[in-house]
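Let me begin by presenting the structure, written as structure tokens, before commenting on it.
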Amino acid sequence: MTENADIKWSDTSHSPEIRAERREGDVIEFDLFVDAKLFQFQGHFPNEPVLPGVAQIDWAVRLGREHFDLSGTITRLGQLKFSKLIVADSQILLRLEWNEEKQRLLFSYKEGEETCSSGFFELTAQ
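Okay, here's the thing in structure tokens:
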């Protein structure tokens, strides 16, 4: 997995709007608005824009690195599940949980009570 360090979270053409943020220890939740104008929706798909899974993974990695100050290399991506499409102009919840002992960042996206996607990343300790 490659990461584009040149894209900053403040770049509104590539990042959803963070409408709220809650943190308790090693768990952080973000209320995100996924605007139809985001770069990730271009061509995916013209008549019914769907957020690509790779964008969901990218956002989880970038927010995890930023908010948990993670610097290791991602060595594994596991238990990846995509169970509900995230469409343009959606309000979603991203939950990140850092497990220091396992060097693992768990993520899940939800719309209401329904899980859209989930998985985890493992990083090398640094």
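For the sequence shown, our numbering assigns the number 10 to the initial residue and increments by one for each residue that follows. Glycine residues also receive a C-beta, built at the ideal position from the N, C-alpha and C atoms. Bear in mind the structure is a predicted one, so any value in this text is a computation, not a measurement.
Whole angstroms are fine: how far does the CA of residue j sit from the CA of residue i?
| i | j | result |
| --- | --- | --- |
| Leu115 | Val59 | 22 Å |
| Glu109 | Glu33 | 15 Å |
| Phe77 | Ile83 | 14 Å |
| Glu30 | Asn56 | 32 Å |
| Asp98 | Gly81 | 33 Å |
| Glu38 | Trp68 | 13 Å |
| Glu75 | Gln51 | 26 Å |
| Asp44 | Ser22 | 9 Å |
| Phe54 | Ala134 | 38 Å |
Output the boundary residues of the beta strand (DSSP E) element that contains residue i.
| i | result |
| --- | --- |
| Glu106 | 99–108 |
| Val36 | 36–43 |
Which two residues bound the contiguous alpha helix (DSSP H) that contains residue i?
| i | result |
| --- | --- |
| Val63 | 62–77 |
So the candidates are the options; which of them puts its Cα closest to the Cα of residue i?
| i | options | result |
| --- | --- | --- |
| Tyr118 | Gln88, Ile101, Val36, Gly81 | Ile101 |
| Asp35 | Gly121, Glu123, Gln112, Ser127 | Gln112 |
| Trp107 | Gly128, Gln49, Phe54, Ser24 | Gly128 |
| Glu120 | Phe91, Val63, Phe130 | Phe91 |
| Val96 | Ser126, Ala134, Phe130 | Ser126 |
Would you please state the rounded distance, in angstroms, between the beta carbons of residue i and residue j? I believe it to be under 8 Å.
| i | j | result |
| --- | --- | --- |
| Leu86 | Leu132 | The pair is not a contact, with the Cβ atoms about 11 Å apart (cut-off 8 Å). |
| Ile27 | Leu41 | 6 Å |
| Leu105 | Gly62 | Wrong, their Cβ atoms sit about 17 Å apart, outside the cutoff. |
| Ala64 | Gln49 | 4 Å |
| Glu123 | Lys93 | 5 Å |
From the DSSP output, read off the bridge partner residues of residue i.
| i | result |
| --- | --- |
| Leu132 | Ile83 |
| Arg32 | Ile37 |
| Ile27 | Leu41 |
| Ser127 | Lys90, Ser117 |
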